[in-house]
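K.L.:
Taken in sequence, the protein lines are chains A and B. Counting from 1, one number per residue, gives the positions in the first sequence under my numbering. Counting from 1, one number per residue, gives the positions in the second sequence under my numbering. Think of the CB as a built atom: it goes at the ideal place given N, C-alpha and C, for glycine as much as any other residue. First, the structure itself, so that you have it in front of you.
Number of protein chains: 2
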Amino acid sequence: MDNEIKQLIVSDEKVAHVQLENPLDHALLILIKSGYTAIPVLDKSYRVQGQISKAHILDSILGIERIEMERLHDYKVKDVMSPKVPRMHKDETFGKALMLSINHPFVCIEDHDHSFVGILTRRSILALIHRHFEK
Amino acid sequence: MDNEIKQLIVSDEKVAHVQLENPLDHALLILIKSGYTAIPVLDKSYRVQGQISKAHILDSILGIERIEMERLHDYKVKDVMSPKVPRMHKDETFGKALMLSINHPFVCIEDHDHSFVGILTRRSILALIHRHFEK
Ligand SMILES: Nc1ncnc2c1ncn2[C@@H]1O[C@@H]2COP(=O)(O)O[C@H]3[C@@H](O)[C@H](n4cnc5c(N)ncnc54)O[C@@H]3COP(=O)(O)O[C@H]2[C@H]1O
Ligand SMILES: Nc1ncnc2c1ncn2[C@@H]1O[C@@H]2COP(=O)(O)O[C@H]3[C@@H](O)[C@H](n4cnc5c(N)ncnc54)O[C@@H]3COP(=O)(O)O[C@H]2[C@H]1O
Chain A
1 MDNEIKQLIV
11 SDEKVAHVQL
21 ENPLDHALLI
31 LIKSGYTAIP
41 VLDKSYRVQG
51 QISKAHILDS
61 ILGIERIEME
71 RLHDYKVKDV
81 MSPKVPRMHK
91 DETFGKALML
101 SINHPFVCIE
111 DHDHSFVGIL
121 TRRSILALIH
131 RHFEK
Chain B
1 MDNEIKQLIV
11 SDEKVAHVQL
21 ENPLDHALLI
31 LIKSGYTAIP
41 VLDKSYRVQG
51 QISKAHILDS
61 ILGIERIEME
71 RLHDYKVKDV
81 MSPKVPRMHK
91 DETFGKALML
101 SINHPFVCIE
111 DHDHSFVGIL
121 TRRSILALIH
131 RHFEK
């Protein structure tokens, strides 16, 4: 199983993501439309800076009784996102990807210059293991 | 690896869950407080009927511009939940749990009379595989 992780990667153009400076109403729209729980946050030089989820956005602005939707535009992604997101290099082993996926639904994959290459999901790791398990 | 799944199960008293007839404001509170993306929905005889997530609740009442929080109490969990949730019997094999976890973050575990025993999470499956992988 210690083969390359390259063929498991969801490549960057298929990954829903936002930028640090995006307003929160834009980020909420991307999260709702994509249907994903959490997505990566990139900076202008295409490097991963963290992740953001619907829960982050809702927690940050949950006013008493009602969510003030009109305040969403005044905040930016970087104001509420989590800087903690697992990352690894595209040439590292499957064992490392497996270890990181224990506590994280997805792992960000980077190039030698730390630019974003894509993500590795628990689903793709479990599907590979199941194929080996059945043999 | 084809050992019992019993020691991997998160037992029912540790699983955040709601009932079919609970109002949606109660369900949203449980989801936000627990921090979980989706949780099981049980009926009065403690059988799994589906699952509900914050996205289900937000999608169902997302009015134009603002989420009408006061309407939440008028709906019930059964009105917006998803009836699709993977389930298996507590005596079934690890292979079946692995297969189901490919496309589902958690699997509901049932007894011989279909009563709820607990859930099996991707995390516990990945942790077990990693332990075997390292040997
Ligand atoms: N549109 C869809 N079609 C089919 N199945 C879907 C789906 N959306 C969600 N799922 C299923 O639900 C799991 C959990 O998704 P979630 O959005 O919570 O959590 C996701 C999401 O936060 C992130 N993710 C996955 N694909 C992504 C993408 N293309 N762009 C951005 N984030 C992604 O990685 C987490 C783990 O993904 P993973 O595939 O292991 O696990 C997914 C997948 O098995
Ligand atoms: N309070 C916490 N402490 C430590 N880690 C946490 C955590 N909350 C979430 N995580 C981490 O994030 C993963 C995704 O959680 P999520 O809530 O999207 O998705 C969860 C949630 O929908 C459900 N779940 C897990 N434990 C639950 C429980 N005690 N009650 C109800 N639902 C639970 O099963 C899904 C998969 O759980 P899994 O453990 O494989 O994977 C978890 C775990 O690795």
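1) With A/A16 and A/Y36 assumed to form a contact (beta carbons below 8 Å), what rounded beta-carbon distance in angstroms separates them?
2) Assuming contact is defined by CB atoms lying nearer than 9 Å, are A/S53 and A/D79 in contact in what I supplied?
3) Taking 8 Å as the cut-off, is the CB of B/N22 close to at least one heavy atom of ligand 2?
4) With distances taken between CB atoms, is the gap from B/L126 to A/R87 smaller than 9 Å?
5) When you measure from the CB of A/I57 to every non-hydrogen atom of ligand 1, does any distance come out below 8 Å?
6) On the criterion of 16 or more Cβ atoms from any shown chain inside 10 Å, does A/P83 qualify as buried, or is it exposed?
7) Using only CA atoms, which one of B/D74, B/A55, B/L31, B/I119 lies nearest to B/E110?
8) Could you give the first and the last residue of the continuous alpha helix (DSSP H) run that contains A/M88?
9) Measure from the C-beta of A/G50 to each C-beta in chain B and report whether the shortest distance is under 9 Å.
10) Cβ of A/E65 less than 9 Å from any chain B Cβ?
11) Where does B/S45 fall in DSSP's three states?
12) Of all Cβ atoms in chain A, is any one closer than 9 Å to the Cβ of B/A127?
13) Can we count B/Y208 as close to ligand 1, meaning its CB is less than 8 Å from some heavy atom?
14) Quick test of your reading: A/I39 and A/V18, contact by CB under 8 Å. State the CB separation rounded to the nearest angstrom.
15) At 8 Å on the CB atoms, spell out the chain B contacts of A/T93, in chain order.
16) B/V107 and B/K90: beta carbons closer than 9 Å?
17) Going by alpha carbons, who is nearest to B/K14 out of B/D25, B/L29, B/S34, B/I5?
18) Contact criterion: CB-CB distance below 9 Å. Does A/R123 meet it with respect to chain B?
19) Please state whether DSSP places B/A127 in a helix, a strand or coil.
20) Quick one: residues in its chain with C-beta nearer than 6 Å to the C-beta of B/P105, no 5 flanking neighbours on either side, listed in chain order?
21) Does the beta-carbon of B/V41, which I'm using as the reference point, lie nearer than 8 Å to any heavy atom of ligand 2?
P.N.:
So, from the listed chains and residues:
1) 6 Å
2) In this structure, the beta-carbon distance from A/S53 to A/D79 does not fall below 9 Å.
3) Result no, Cβ not under 8 Å from ligand 2.
4) no
5) no
6) Classification for A/P83: exposed.
7) Nearest C-alpha to B/E110: B/I119.
8) Note, A/M88: premise wrong, no alpha helix (DSSP H); beta strand (DSSP E) at 87-89.
9) no
10) Note that A/E65 scores 47 on pLDDT, short of 50, meaning its location in the model is unreliable; the coordinates nonetheless yield the value given after this. Judged by the 9 Å Cβ criterion, A/E65 is in contact with chain B.
11) Annotated three-state conformation of B/S45 is coil, per DSSP.
12) Closer than 9 Å: yes.
13) Because chain B spans 1 through 135 in this model, residue 208 of chain B falls outside it and cannot be assessed.
14) With 8 Å as the limit, A/I39 and A/V18 qualify as a contact, their Cβ atoms being about 7 Å apart.
15) The contacting residues do not exist; A/T93 stays about 10 Å from chain B at best.
16) Result no, Cβ atoms of B/V107 and B/K90 do not sit closer than 9 Å.
17) B/S34
18) yes
19) helix
20) So the list reads R122, once near-sequence residues are dropped.
21) Answer for B/V41: no, Cβ out of range of ligand 2.
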